[in-house]
Amino acid sequence: MCFSELLAATPRSPLFWRQSPLWLQESLCLAQTTMGMLPEIDSALQFISEIIHQLTNQKASIVDDIHSTFDELQKTLNVRKSVLLMELEVNYGLKHKVLQSQLDTLLEGQESIKSCSTFTAQALNHGTETEVLLVKKQMSEKLNELADQDFPLHPRENDQLDFIVETEGLKKSIHNLGTILTTNAVASETVATGEGLRQTIIGQPMSVTITTKDKDGELCKTGNAYLTAELSTPDGSVADGEILDNKNGTYEFLYTVQKEGDFTLSLRLYDQHIRGSPFKLKVIRSADVSPTTEGVKRRVKSPGSGHVKQKAVKRPASMYSTGKRKENPIEDDLIFRVGTKGRNKGEFTNLQGVAASTSGKILIADSNNQCVQIFSNDGQFKSRFGIRGRSPGQLQRPTGVAVHPSGDIIIADYDNKWVSIFSSDGKFKTKIGSGKLMGPKGVSVDRNGHIIVVDNKACCVFIFQPNGKIVTRFGSRGNGDRQFAGPHFAAVNSNNEIIVTDFHNHSVKVFNQEGEFMLKFGSNGEGNGQFNAPTGVAVDSNGNIIVADWGNSRIQVFDGSGSFLSYINTSADPLYGPQGLALTSDGHVVVADSGNHCFKVYRYLQ
């Protein structure tokens, strides 16, 4: 009921209200204004109730994870306990058998000697001469036999059975096992600063610092908050960027734009706009930059990491000139494209990972629509699944997708920090990696059915069994051979070697199935075999490696040792920030053209 309806329901006459004192009329106005706040309060009540519901669900999920983790550990301990007890029993049995056999032999000899000696003594002492003569020969043979017998007088085994176990290190590990990650950051108090909010220059890396605060406006001192950034271009597409967690309550959003105009930057904390978001950005050409701005441009780096976000350039058609193509043994061109910007079937908002099944399906991780869409090899829409959320079975930011030989669909969820496994018809089965992954990006499957997960935020690669057990992990943050800087996607060749795109190190690295470094190729640049932030990767049946070059907006082909072979011809309909890439069952290359909100399929002759 609104305030006017409340007044109408009172017994006071209109004359009373007209003749009432000024203070009473002011009170009525104030009351009416206050009543106007009710819709906002109702909305806040609904939103906070939803947060409480999500918080309760998250707690229940973590309780299940804790129980599952420790039950698994207990099961492992019990198995080890049984193995040790069995090993003890086997060793005891072997030793006991040897010693018991020796003991039985000695007891038997002892009894024989005593029996013969007693019988002989009785015959000599009490027998007649005739009786002595009768047993003489028999006793002599028996006594000679016993005297000549080689009895086992020395032990044929020992009594050593020791149990040695080092528990101090294990106890320490158990004492520190697991962490409950949380933060008190709220969007209404969190702020963003930096040159990246003031003036943006085409082709130059820019930075925005986000400082999280709690409800009282106090700085948060820990990281791991759910922070997302979306940079919208003038034509409505979404430009790419990276969020770096400084682990101290501050974050850096690094981005590069390729066209001038008015952009919009939306920074959300726990799905809510932070203070001042969305921000309006004016992107200008470098020729329009003042000397002061030029100085700023040189200073923009990724704080705390030393890495500069490399510019992303939409390549002109001349990059793929026919002069260069004549030297290449591989000729490829566009067959078709599917998709536009939107939220309906066959429409995408920031598509990322791509997978292709042996049954002739193309799977797309539609990141900002929180779903996976499935198409036939000829581009016909088949189905989609995914519900937005942070509970098991829901998707918050799907970035990688793969198909297991069993038919299950494996999805890397960057924001939920786990990998979800669905059946081939989109029914949720389980999740793995929760509590271990920090920001999974790409996902693949090796020849053993193990799940390869590229953890973009942790700068490492995990190998899981389908049940979630870790087989191994390798890599750390850095620019060494065995290190990564924002790795994106992975593929597996016929030798079960793992090929990883190292985004900020502008290279591709190859590891064996144990995670041992084998080789790398690529450097920062625009020439043949160079990269400006590689993303998607696939391997053909000949071992050739196909790589999406995000910053240069092209696709390159290399042999198995990393030598450049060719480009895939994309000049007719240029790519704009390609992401995931795969080979279809009929031998074509499918790539997520993220900036153009579509996927494209190209002819590929192996």
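The working numbering puts the sequence shown at residues 425 to 1030. C-beta atoms are modelled at their ideal positions from N, C-alpha and C, and glycine is treated no differently. This structure is a prediction, so every number in the text was calculated from the model and none was measured.
About 14 Å separates the beta carbon of HIS928 from that of GLY949, a gap too long to meet the 8 Å contact definition.
Residue ranges of uninterrupted beta strand (DSSP E) with 3 or more members, entirely inside the region 788-836 and ordered along the chain, are 795-800, 805-809 and 822-827. Beta-bridge partners assigned by DSSP to MET942: none are found. Bounds of the alpha helix (DSSP H) holding HIS599 are 592-599. Note on the region 880-920: there is no whole alpha helix (DSSP H) run with a minimum of 4 residues.
For TRP842, the enclosing beta strand (DSSP E) has its first and last residue at 842-846. Contact between TYR1000 and ASP1017 holds, since their C-beta atoms are separated by about 6 Å, short of 8 Å. The DSSP-derived three-state label of GLN456 is helix.
Annotated as distal: ILE856 and VAL796, with beta-carbon spacing of 8 Å or more.
Taken in chain order, the complete beta strand (DSSP E) segments of 3 residues or longer contained in the region 933-1017 are 941-945, 958-963, 969-973, 978-982, 988-991, 1002-1007 and 1013-1017. Linking GLN794 to SER631 through their CA atoms gives a straight-line distance of about 26 Å.
Within the same chain, SER858 and GLY859 come within 7 Å of ASP489 by CB-CB distance, once the 5 residues on both sides are set aside. In the three-state reduction of the DSSP assignment, ARG504 falls in the helix class. Beta-bridge partners assigned by DSSP to ILE625: ILE708. Looking at ASP837, PHE805 and GLY803, the one whose alpha-carbon comes closest to that of GLY817 is ASP837. Secondary structure at THR614: strand, using DSSP grouped into helix, strand and coil.
Within its own chain, the residues whose Cβ lies closer than 7 Å to the Cβ of SER791, once the five positions on either side in sequence are excluded, are ASN774, LEU775, GLN776, ARG821, PRO822 and THR823, listed in chain order. Secondary structure of VAL522 (DSSP, three-state): helix.
In this structure GLY673 is in contact with THR635, their Cβ atoms being roughly 7 Å apart against a cut-off of 8 Å. In the three-state DSSP reduction, LEU668 falls in the strand class (E or B). For ALA649, the three-state secondary structure derived from DSSP is coil. It is roughly 20 Å from the alpha-carbon of ASN549 to the alpha-carbon of SER536.
Between the region 702-710 and the region 673-686 there are three or more inter-stretch CB-CB distances shorter than 8 Å, so the stretches are counted as touching.
Under the three-state reduction of DSSP, MET862 is assigned to coil, being neither helix nor strand.
Note that the C-beta distance between ALA609 and LEU509 is not below 8 Å. Taking the CA atoms as reference points, THR854 sits about 5 Å from ILE845. Residue range 775-780 is occupied by the beta strand (DSSP E) that includes LEU775.
Per DSSP, the unbroken beta strand (DSSP E) holding CYS1022 starts and ends at 1022-1026. Proximity to GLN696 across LEU651, ALA1006 and GLY660 peaks at LEU651, based on C-alpha coordinates. The Cβ atoms of LEU567 and THR544 lie closer than 8 Å to each other.
For the pair ILE475 and ALA611, the CB atoms are not nearer than the 8 Å cut-off.
Here the alpha carbons of LYS1024 and ASN952 stand approximately 22 Å from one another. The three-state reading of DSSP puts ILE604 in coil, since its state is none of H, G, I, E or B. Comparing C-alpha distances from THR617 to each of LEU691, LEU577, LEU594 and PRO579 shows the shortest one belongs to LEU691. Between LEU1005 and the set TYR1026, PRO998, GLY986 and ILE922, the nearest pair of CA atoms involves TYR1026. Per DSSP, THR635 is one residue of the beta strand (DSSP E) stretching across 630-637.
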